[in-house]
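Quick note on this note's numbering: the sequence shown kicks off at 3 and runs consecutively.
Note that the Cβ used here is the ideal one computed from N, Cα and C, for glycine as well.
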Amino acid sequence: MNKINANKTLSAENMSSSRRLLTALILGSLSAFAPLSIDMYLPALPTLADNLHTQASLAQLSLTACLLGLAFGQLVVGPLSDVKGRRMPLLFSLVLYTISSLLCAFTGNIWVLILLRFIQGVTGAAGIVISRAVVRDLYSGHELTKFFSLLMLINGVAPIAAPIIGGLLLKVVPWQGVFVVLAIIGAVMLIAVTFGLPESLPSDRKAAGGLSSTLRTFGRLVRDRAFMGFALSQAFVTAAMFAYISGSPFVIQDIFGVSAQGFSLFFALNGLGIVICSQLAGRLSGTFGELRILRLSLTVAFTAALLLLIIAFSGGGLFLIAAMLFLIVSCVGSVAATSTSLAMQTQGNSAGSASALLGLLPLTLGAAASPLVGLGSGTTAVPMSVVIFTAETLAVICFLLLVKKRQ
Numbered sequence: 003m004n005k006i007n008a009n010k011t012l013s014a015e016n017m018s019s020s021r022r023l024l025t026a027l028i029l030g031s032l033s034a035f036a037p038l039s040i041d042m043y044l045p046a047l048p049t050l051a052d053n054l055h056t057q058a059s060l061a062q063l064s065l066t067a068c069l070l071g072l073a074f075g076q077l078v079v080g081p082l083s084d085v086k087g088r089r090m091p092l093l094f095s096l097v098l099y100t101i102s103s104l105l106c107a108f109t110g111n112i113w114v115l116i117l118l119r120f121i122q123g124v125t126g127a128a129g130i131v132i133s134r135a136v137v138r139d140l141y142s143g144h145e146l147t148k149f150f151s152l153l154m155l156i157n158g159v160a161p162i163a164a165p166i167i168g169g170l171l172l173k174v175v176p177w178q179g180v181f182v183v184l185a186i187i188g189a190v191m192l193i194a195v196t197f198g199l200p201e202s203l204p205s206d207r208k209a210a211g212g213l214s215s216t217l218r219t220f221g222r223l224v225r226d227r228a229f230m231g232f233a234l235s236q237a238f239v240t241a242a243m244f245a246y247i248s249g250s251p252f253v254i255q256d257i258f259g260v261s262a263q264g265f266s267l268f269f270a271l272n273g274l275g276i277v278i279c280s281q282l283a284g285r286l287s288g289t290f291g292e293l294r295i296l297r298l299s300l301t302v303a304f305t306a307a308l309l310l311l312i313i314a315f316s317g318g319g320l321f322l323i324a325a326m327l328f329l330i331v332s333c334v335g336s337v338a339a340t341s342t343s344l345a346m347q348t349q350g351n352s353a354g355s356a357s358a359l360l361g362l363l364p365l366t367l368g369a370a371a372s373p374l375v376g377l378g379s380g381t382t383a384v385p386m387s388v389v390i391f392t393a394e395t396l397a398v399i400c401f402l403l404l405v406k407k408r409q
């Protein structure tokens, strides 16, 4: 492989197949910071609370802090990358991510840990938002969709692997070891970006700086009906997935008596469904078009959610509920690949800000949907089904009302 010159602007035209693969690996790994930062330490929460002599609710607050950092950090880093370029904000954030992750391993105070987790979320958000912006810098049209689906192939492994890796780590190291591993991942990505990812935003496409300019850009995006239609459709579909993540452990294990190992297999299969659907969307986009694939995916997800609601109210069995959840979760892959591509295609001059909104909305709506699932005290599948059906219905409504018909 040829040595990559960090001073040369990266473009799709000057990339060889090997460099394209390297770029996909780096960007896919960067976009996986969210599931890695959130899911890897979940198995350590009970032990962490005991070691820090704190309540479980405060230990869970460290998770909330990371989620808030991931959500709102994108609002800062996205517009900043439009002004300063992609490379320097990303490198600076990776340095801070590595340091904050390492400090998490050595703190003995829960409030310090909560603060560090927030910083970890803010800096980890840079990888998520900038990876999407870089893809938009390089590609457009069907190629953009194909590359987003390639990112989801890499990124889709993270939610499956992160809790498993965290559980295996806890067998050989204390909970602090999870954060040491996250720091190592941050350091590896820092090296990879330094030597393997040049600047992708040409100087003549950099935006003007300043708070007023940023607010104008966000205002323009919010008023863009098609962009918001794609963004909200994806956000509500993702909110339905968050409801599944929050509610399915109680439904599958407590109500139907499935073992933890059986639930892990069920969770992994649904994650595999996301990967498969994202790859199908990328391969078929050139033949059928992104808009048609998105419409079909939303229809399948809505229909499965409606059937799930009926099954839950009628007291249906595990197989039917699991089948509907598989369809609902799998459609997240094709919806994300197509809606992200369609939303970003017209935002070449503000890809960072557009990527920030695309990242903020799913996390915000997901955080709002998750607590609603617990209203049934884990004794019925109805609350989870109602939240999922509501989210899928809103996704379809946003698509129908906001997205204009395209050729």
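Restricting attention to L286, G275 and S235, the CA atom closest to the CA of T147 is found in L286. Beta-carbon to beta-carbon, A307 and I330 are separated by about 6 angstroms, close enough to satisfy the 8 angstroms threshold.
Non-local C-beta neighbours of F265 in its own chain, meaning closer than 6 angstroms and more than five positions away in sequence, comprise I254 and Q255, ordered along the chain. Counting the other CB atoms within 10 Å of its CB gives Q57 a total below 16, which places it among the exposed residues. Under the DSSP assignment, P91 falls in the alpha helix (DSSP H) whose first and last residues are R89 to F108.
Going by C-alpha positions, L360 is about 25 angstroms away from L24. Burial state of I193 is exposed, judged by a 10 Å Cβ sphere holding fewer than 16 other Cβ atoms. Excluding residues up to 5 positions away in sequence, A241, F244, A245, V389 and A393 lie with their Cβ nearer than 7 angstroms to the Cβ of A371 in the same chain. A Cβ-Cβ distance of about 5 angstroms is found for the pair V375 and P385, placing them in contact under the 8 angstroms criterion. If you look at V331, you'll find it in the alpha helix (DSSP H) that goes L320 to M346. For V253, there is no enclosing alpha helix (DSSP H), since its DSSP letter is neither H nor E. Under the 8 angstroms Cβ criterion, the region 137-147 does not count as touching the region 109-117, having fewer than three qualifying pairs. By the neighbour-count criterion, in which 16 or more other beta carbons inside 10 Å mark a residue as buried, T381 falls on the exposed side. The C-beta of I132 has 16 or more other C-beta atoms within 10 Å across all chains shown, which makes the residue buried. Considering only H144, A164 and M90, the residue with the shortest C-alpha distance to G129 is M90. If you look at D41, you'll find it in the alpha helix (DSSP H) that goes F35 to D41. Distance check between A61 and each of L92, C106, A237 and F74 places C106 closest, using alpha-carbon atoms only. For the pair F321 and G354, the Cα-to-Cα distance works out to about 42 angstroms. Annotation for N53: the continuous alpha helix (DSSP H) segment containing it runs L47 to N53.
Here the region 290-310 makes contact with the region 326-341; the two share three or more CB pairs at distances below 8 angstroms. Counting the other Cβ atoms within 10 Å of the Cβ of G231 gives 16 or more, which makes it buried.
Assignment of N111 by DSSP, reduced to helix, strand and coil, places it in the coil class. As the crow flies, the alpha-carbon of A26 is around 17 angstroms from that of L282.
Put simply, of F229, I28 and V97 the residue whose alpha carbon is nearest the alpha carbon of L402 is F229. In this structure, T66 is the residue among H55, T66 and P48 with its C-alpha nearest to the C-alpha of S39. Secondary structure of L153 (DSSP, three-state): helix. Around the beta carbon of R227, fewer than 16 other beta carbons sit within 10 angstroms, so the residue counts as exposed. The C-alpha of L72 is placed about 10 angstroms away from the C-alpha of T366. In the three-state DSSP reduction, Y246 falls in the helix class (H, G or I).
The C-alpha of V79 is placed about 22 angstroms away from the C-alpha of S142. A Cβ-Cβ contact shorter than 8 angstroms links D84 with A209. Taking C-beta atoms as the reference points, Q76 and S102 fail to come closer than 8 angstroms.
According to the DSSP assignment, R207 belongs to no alpha helix (DSSP H), since it is labelled neither H nor E. Here A339 is not near M42, since their CB atoms are 8 angstroms or more apart. Assignment of P373 by DSSP, reduced to helix, strand and coil, places it in the helix class.
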